[in-house]
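So for the sequence shown, the numbering used here puts the first residue at 4; every next one is plus one. All residues carry an ideal CB built from backbone N, CA and C; glycine is no exception. Quantities reported herein were computed from a predicted structural model and do not represent experimental measurements.
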Amino acid sequence: MFTMDQLMLHLLGDYVLQTDHMAIHKTKKTWVAFFHALVYSLPFMLICDSFPALFIIFFTHGLIDRFRLARYVAMLKNMLGDPAHFRSYLTGTG
C-alpha cells in the first residue's frame, strides 16, 4: 500500500531533484541512471529507517530508469487488464 508521503517523496525525487542532464542521459549511461537513483532515494530516508528497503528503492529505480522498464510494465498491465487486448497481441492482430 502506498501512502501520500511516499507519493510526495516519489514526485520530489523523480521530478524536482532530477536535473535535465539526468533526464536526458539516464537511459544511455548506467552511471547517470544510478546517480539519479541515488538522488531519487535520498528523500525516502525521511520516512524509512531500513537500509535494505532504501537499497531496494535505489536499485530498482536505477534499473527501471536505465532500461526503460516502466513502459514494459505498463504494456503488460494493459494486456493483462483486457484479455481481448492480450489475445490480439498473441495473434498478431493488435
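Presumed contact (8 Å Cβ cut-off) between residue i and residue j, rounded CB distance
| i | j | result |
| --- | --- | --- |
| Ser44 | Phe70 | Ser44 to Phe70, Cβ: 18 Å. No contact. |
| Gly16 | Pro46 | 5 Å |
Buried or exposed by the 16-neighbour rule on C-beta atoms within 10 Å, applied to residue i
| i | result |
| --- | --- |
| Ala77 | exposed |
| Met11 | exposed |
Sequence-distant residues of its chain with Cβ nearer than 6 Å to residue i (five each side left out)
| i | result |
| --- | --- |
| Ala36 | Lys29, Gly65, Asp68, Arg69 |
| Val42 | Leu20 |
Residue i: first and last residue of the uninterrupted alpha helix (DSSP H) it sits in
| i | result |
| --- | --- |
| Ile60 | 54-69 |
| Thr33 | 33-44 |
Neighbourhood of residue i by C-beta distance below 8 Å, restricted to the same chain and skipping five residues each side
| i | result |
| --- | --- |
| Leu57 | Ser44, Phe47, Met48, Cys51 |
Proximal residues to residue i (C-beta, below 7 Å), its chain only, five neighbours per side dropped
| i | result |
| --- | --- |
| Leu39 | For the sequence presented, residue 39 should be read as His rather than Leu. The residues are Gln21, Met25, Lys29, Asp68. |
Contact test: residue i Cβ vs the ligand FMN heavy atom, cutoff 7 Å
| i | result |
| --- | --- |
| Ser44 | Absence of the ligand FMN from the depicted structure is noted, as is the absence of any ligand whatsoever, leaving it without description. |
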